[in-house]
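Working notes for the structure below.
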Amino acid sequence: MSNILFSVLLVTYNSELSDIFKTLTSIINQEFEHFEIVLSDDGSEDNKFKQIEEFMKEHKFFNYKMVGHDKNQGTVKNLISGLENCSGKYVRDFGPGDMFYTKDSLKKLYEFMEKKQCDSCFCRVQGYIEKNGTLTEKEYIHPFDINAYKKGKKDLIIKNLILYSDNVSGASTSYKTDYYLSYLKKIVGSVVYEEDIFQVYAALEGNNFEFLDECLIWYETSEGISTNKNSPFKKKIALDVEHFFDLMNLKFGENKYVQKRMRLSKLYRIDNLYLRTIVRFLYDPYAIIYLVKHYVSVIRGDYKINSKGEQWNS
């Protein structure tokens, strides 16, 4: 197929085959013709490409590419490799286990991005856990201040990103392929795993997400590398964040929020969440207002999802 409008990128690393198949099933059943699938594996012991080829053949889906690596290089470089093999104007990237919410999710993403002519967008996400082949809905709230995006409050978005690490969840995002690739290349020297943090860089350069106010993604919330709060991987993420803000200080050191982040940098290194929060409130009283506004927003139902998603069967 020559007219590729959207690339769907699946990045893997020692992933469960069942999770890969769940994600692929939701992709190949999309009611949208002009898309491809790109798989980029980050040096797994077994990249499972043979089983994936058999799966694609069985489901009669042939418009896909697979990108392998001999050794592990980290999430950012793996994404870059995948993006460099994407042909679509737009790209949506998945981790294994995450899925499209409905059969028309990709179509809606494409139509929204074309209408808005935007470089990036995010949608609502439904968290889930799977038991005995059945998806059970779980609350998943990101970003904490969703109304800042609804109302287009750019300064508040930057403040939330820098001071409260209130990133849009990478599970919910889609991009123009060239845009995404360009920003990952800007941070690759400083960041190995925490790809979503480039949002700060983009916002400081005046580039913000458009919000597609509809649930289009299932996000697996069971504990894995990125969701387990006690995972050693969290220390690697923390180091990425520290190095990233060193870069932001070099690039945007005149920004008042960057300056404040650097002044409070020692607070972000406190491992104990409760102690960190208490100390944070002492140094930054507005953080209390930020949290109160969030919980009011939750109670008001700003994060409620009323639609039902597909129960995909691979």
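Just so you know, the sequence shown maps onto residues 1 to 314 in the UniProt record's numbering.
Idealized CB from N, CA, C, for every residue including glycine.
Per the coordinates, the alpha-carbon of Lys103 lies some 12 Å from the alpha-carbon of Glu33.
In the DSSP assignment, Ser7 falls within the beta strand (DSSP E) that extends over Phe6 to Thr12. Under DSSP, Ser120 forms a beta bridge with Tyr175.
Boundaries of the beta strand (DSSP E) around Tyr90: Tyr90 to Phe94.
If you check the CB distance, Ile37 and Val8 come in under 8 Å.
Per DSSP, Leu204 is one residue of the alpha helix (DSSP H) stretching across Phe198 to Leu204.
The residues Phe211, in chain order, have a CB closer than 7 Å to that of Lys150 in the same chain once the five nearest residues on each side in sequence are set aside.
Proximity to Cys215 across Phe49, Glu137 and Tyr13 peaks at Glu137, based on C-alpha coordinates. Tyr257 is a Cβ neighbour of Leu163, given a cutoff of 8 Å. Burial of Glu195 is indicated by the presence of at least 16 other C-beta atoms within 10 angstroms of its C-beta. In this structure, the CA atom of Ser265 is about 10 Å from the CA atom of Val241.
Cβ atoms of Phe122 and Thr177 stay farther apart than 8 Å, at about 16 Å. Excluding its 5 nearest sequence neighbours in each direction, Ala148 has C-beta neighbours in its own chain below 8 Å: Leu156, Ile157 and Asn160, listed in chain order. Assignment of Gly170 by DSSP, reduced to helix, strand and coil, places it in the helix class. Distance from the Cα of His142 is smallest, within the candidate group Ala171, Ala203, Asn306 and Gly189, for Ala171. Tyr290 and Lys60 have their C-alpha atoms some 50 Å from each other.
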